[in-house]
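Worksheet for the structure shown next.
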Amino acid sequence: MAEPLLKLDGVATSYGQSQVLWDIDLDVPAGSAVALIGRNGVGKTTLLKTIIGAQRLTAGRMTFQGRDVSALGPHQRARAGIGFVPQGRHIFPHLTVRENLETGLSALAGRAGGAGAIKAGIPDHIFDLFPKLAQISNRKGGVLSGGEQQQLAIGRALAGQSSLLLLDEPTEGIQPSVVQQIEDALRRVRAELGVTVLIVEQYLDFAWSFADSYRVMQRGRIIRAGSTREETAAEVAHLVNI
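Just so you know, we're using full-length UniProt numbering here: the sequence shown kicks off at 1 and counts up by one.
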């Protein structure tokens with residue numbers, strides 16, 4: 001059996017003296033889409049921050065592409081190919097769409113061929129995936145709608161040629177028509193770019209439509225894993241009281 005793209009073994013983390021994650025075991029196969037679900041405050045965002053290196057492991061081990069990255073900092077993990085789209089997008093409001101996308105190229109620094117890719121600029125496929133961004137490329141990020149900002153945040157992460165994309169509540173505050181556009185784009189990201197996706201999502205219809213499998217979190221632990229094709233969203237929603 002092939003080694004997972006991302007593997008967490010017994011991972012724990014704390015905020016000061018307060019432990020938040022306990023004994024997290026998580027395998028994310030290459031090419032898959034995994035939904036991480038659970039009530040607010042159970043540690044989902046903390047787990048994503050732990051994966052990107054913004055939160056330090058206090059126990060356990062994390063490997064990415066077969067390499068132990070437990071001690072690497074956030075910029076090193078980004079350069080290794082882990083992209084992150086945070087909840088609330090966190091785009092740069094005073095930069096234009098194009099300038100925001102260009103900041104994503106920094107993740108290419110230090111990689112083989114990275115200098116050439118940075119010099120080449122924003123990859124064409126970003127604007128192919130999100131045509132709206134090409135239309136508003138000179139507009140400041142702060143005046144964009146929530147849906148436009150979400151597309152920009154995803155595009156910025158993809159500009160760094162991520163092989164693993166982490167998304168925290170990507171449908172939050174976005175109208176249904178734009179949610180469908182984002183889902184369509186993410187499907188193409190998987191199919192055409194071969195990017196693996198780990199998504200935190202409260203909107204279970206979206207999670208079940210997009211993801212292959214799910215993990216349920218409660219009180220800082222993963223308590224259940226399963227296939228979105230073998231179990232319904234209603235069954236799991238009842239389990240976690242969403």
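Ideal placement from N, C-alpha and C gives every residue a C-beta, glycine not left out.
Relative to the C-alpha of residue i, which residue among the options is closest?
i           : options             : result
residue 111 : 63, 78 and 240      : 78
residue 49  : 134, 33, 237 and 75 : 75
residue 68  : 206, 103, 120 and 9 : 9
residue 3   : 15, 66, 231 and 155 : 66
residue 243 : 33, 34 and 116      : Residue 243 cannot be examined here, being either before or after the span of the chain that is shown, 1 to 242.
residue 134 : 71, 226 and 124     : 124
residue 222 : 16, 138, 17 and 22  : 22
Taking the straight line between their C-alpha atoms, what separation do you get for residue i and residue j?
i           : j           : result
residue 62  : residue 179 : 31 Å
residue 92  : residue 98  : 11 Å
residue 218 : residue 28  : 19 Å
residue 96  : residue 140 : 4 Å
residue 164 : residue 7   : 12 Å
residue 105 : residue 136 : 19 Å
residue 211 : residue 186 : 10 Å
residue 194 : residue 94  : 32 Å
residue 192 : residue 172 : 25 Å
residue 81  : residue 107 : 8 Å
residue 261 : residue 144 : Only positions 1 to 242 of the chain appear in this structure, which leaves residue 261 out of reach.
residue 89  : residue 43  : 19 Å
Counting only the same chain and skipping the five closest in sequence on each side, list residues whose C-beta sits under 8 Å from that of residue i.
i           : result
residue 19  : 12, 13, 58 and 220
residue 174 : 146, 147, 150 and 182
Could you check what DSSP says for residue i in three-state terms: helix, strand or coil?
i           : result
residue 34  : strand
residue 197 : strand
residue 209 : helix
residue 82  : strand
residue 11  : strand
Using a Cβ-Cβ cutoff of less than 6 Å, which residues in the same chain neighbour residue i once the five nearest sequence positions on both sides are dropped?
i           : result
residue 30  : 5 and 196
residue 235 : none
residue 138 : 96
For the putative contact between residue i and residue j, defined by C-beta atoms under 8 Å, what is the C-beta separation to the nearest angstrom?
i           : j           : result
residue 83  : residue 153 : About 10 Å; that fails the 8 Å criterion.
residue 37  : residue 189 : Rounded, the Cβ-Cβ distance is 21 Å, inconsistent with contact.
residue 239 : residue 199 : No, residue 239 and residue 199 are not in contact; Cβ-Cβ is about 18 Å, not under 8 Å.
residue 214 : residue 35  : 5 Å
residue 126 : residue 101 : 6 Å
residue 87  : residue 45  : 6 Å
residue 208 : residue 225 : Contact doesn't hold; Cβ gap of about 15 Å is too wide.
Verify the contact flag: residue i, CB atom, against every heavy atom of the ligand PLP, threshold strictly below 7 Å.
i           : result
residue 185 : Here there are no bound small molecules, and the ligand PLP is not part of this structure.
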